[in-house]
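Some notes on the structure that comes next.
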Amino acid sequence: MQLTHLNTRGEANMVDVGDKRETRREAVASGRIVMQPKTLQLLTDNALPKGDVLATARIAGIQAAKRTHELIPLCHALALSKVAIDFDVDHVNGCVHVSALCRLDGRTGVEMEALTAVSVACLTLYDMCKAVDKEMHIEAVQLDSKRGGVRGDYQRGLPEPIVTGGSAVGEVRLGERCASPCVRVKFLAELREQIEESDMSIGLAQLPSRDVAGLKAALNAQDARFGVLSDQRTLCAINQVMANDSARLTDEDEVAFFPPVTGG
707 MQLTHLNTRG
717 EANMVDVGDK
727 RETRREAVAS
737 GRIVMQPKTL
747 QLLTDNALPK
757 GDVLATARIA
767 GIQAAKRTHE
777 LIPLCHALAL
787 SKVAIDFDVD
797 HVNGCVHVSA
807 LCRLDGRTGV
817 EMEALTAVSV
827 ACLTLYDMCK
837 AVDKEMHIEA
847 VQLDSKRGGV
857 RGDYQRGLPE
867 PIVTGGSAVG
877 EVRLGERCAS
887 PCVRVKFLAE
897 LREQIEESDM
907 SIGLAQLPSR
917 DVAGLKAALN
927 AQDARFGVLS
937 DQRTLCAINQ
947 VMANDSARLT
957 DEDEVAFFPP
967 VTGG
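Just remember that the numbering used here sits 706 ahead of the position in the sequence shown, which is counted from 1.
Rendered as structure tokens:
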């Protein structure tokens, strides 16, 4: 699996999402803060020294979601359309469950915004209650679901979504094998984000010629997004060996496209 926040040299890198299309993105995260029963009762009775605990934590969570890019170095600044923070006071288990929903129409996901909102809301609950209970602890902060984006939807507890490159003849899901001879194609680093694909397979019978040039032509015929592969700066490797457009392709070859490596 290629980490999108690393460039071809393994350096931290802010992903360029400028060429991605805008879609509806949504994420839900959750966590909880565990405290003593008497602390939880004081919270419920609104009798803690600092006042309205839940209202303050809700505002803190919303503010945190909006400023996630200032806290997490490689996050983009996002124009969120909705942030909702909910609390469930659980006297049986002695905790407050916190959930956050973040939503926007944009080019990148909002998972980090939802997780940051939950984390800061829990920290605010700790701050509001610590005068009477320093034994509190925060746990189980996690992403519960996400919707939208090229990688598909995610729901905790369900299998990961399978990303496909479309329904063109000769193309298969990730991890599957072509019925006919085929090659595996990978798109790395910034190129992966620009094309919105990471890994696909295509049958050799679909290529006008069994070389890299033929592969580029077949991909471009499927979707104009693959036109970027014809940029002379885009590099190619076959089975981890650098290759040019005239390099021949055979069954089960792995072809990787990636942006140029710059610097010393």
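All residues carry an ideal CB built from backbone N, CA and C; glycine is no exception.
Short of 8 angstroms in beta carbon distance, which residues of its chain neighbour Arg916, apart from the five on each side in sequence? Order them along the chain. Excluding residues up to 5 positions away in sequence, Leu910, Arg954, Leu955 and Thr956 lie with their Cβ nearer than 8 angstroms to the Cβ of Arg916 in the same chain.
Can you find the residues in the same chain that come closer than 8 angstroms, C-beta to C-beta, to Glu776, ignoring five residues on each side of it along the sequence? If we look at Glu776 and ignore the five residues flanking it on each side, it has no Cβ neighbours.
How far does the alpha helix (DSSP H) with Arg898 in it reach, from first residue to last? Judged by DSSP secondary structure, Arg898 falls within the alpha helix (DSSP H) whose first and last residues are Ala895 to Ile901.
Could you tell me which residues DSSP puts in a beta bridge with Ser973? Beyond the ends of the chain as shown, which are 707 and 970, falls residue 973; an answer cannot be given.
According to DSSP, is Met741 part of a helix, a strand, or is it coil? Looking at Met741 - three-state DSSP - the assignment turns out to be coil, as it is neither helix nor strand.
Glu958 - DSSP class collapsed to helix/strand/coil: It is coil, neither helix nor strand.
Would you say the region 799-817 touches the region 732-742, given that touching needs at least three Cβ pairs under 8 angstroms? These segments touch.
Give the C-beta separation of Leu921 and Val961 to the nearest angstrom, bearing in mind that I take them to be a contact with Cβ-Cβ under 8 angstroms. Correct: roughly 6 angstroms between the Cβ atoms.
Please report the straight-line C-alpha distance between Gly854 and Arg809, rounded to a whole angstrom. Rounded to the nearest angstrom, the two C-alpha atoms are 10 angstroms apart.
Suppose you measure from the CA of Ala763 to the CA of Pro755; what does that come to, to the nearest Å? C-alpha of Ala763 to C-alpha of Pro755: approximately 15 angstroms in a straight line.
Which residue wins for smallest C-alpha separation from Glu845, given the options Lys852, Arg862, Val826 and Gln861? The residue with the shortest Cα to Cα distance from Glu845 is Val826.
Exposed unless 16 or more other CB atoms sit within 10 angstroms - verdict on Asp905: Asp905 comes out buried.
Quick check: what's the CA-CA separation for Phe893 versus Pro887? Their Cα atoms are separated by approximately 20 angstroms.
Considering just the uninterrupted stretch of the alpha helix (DSSP H) at Met818, what are its terminal residues? Annotation: the continuous alpha helix (DSSP H) that includes Met818 extends over Glu817 to Cys835.
Confirm, please, whether the CB-CB distance from Gly767 to Ala837 is below 8 angstroms. Taking 8 angstroms as the Cβ cut-off, Ala837 and Gly767 do not qualify as a contacting pair.
For the ligand FMN, any of its heavy atoms closer than 7 angstroms to the Cβ of Ala735? With respect to small molecules bound, the structure shown includes none, and the ligand FMN cannot be examined in it.
Which of helix, strand or coil DSSP assigns to Ile908: Under the three-state reduction of DSSP, Ile908 is assigned to strand.
On the DSSP letters alone, give me the boundaries of the beta strand (DSSP E) that Gly767 sits inside. First-last for Gly767: Val759 to Lys772, but that is the alpha helix (DSSP H), not the beta strand (DSSP E).
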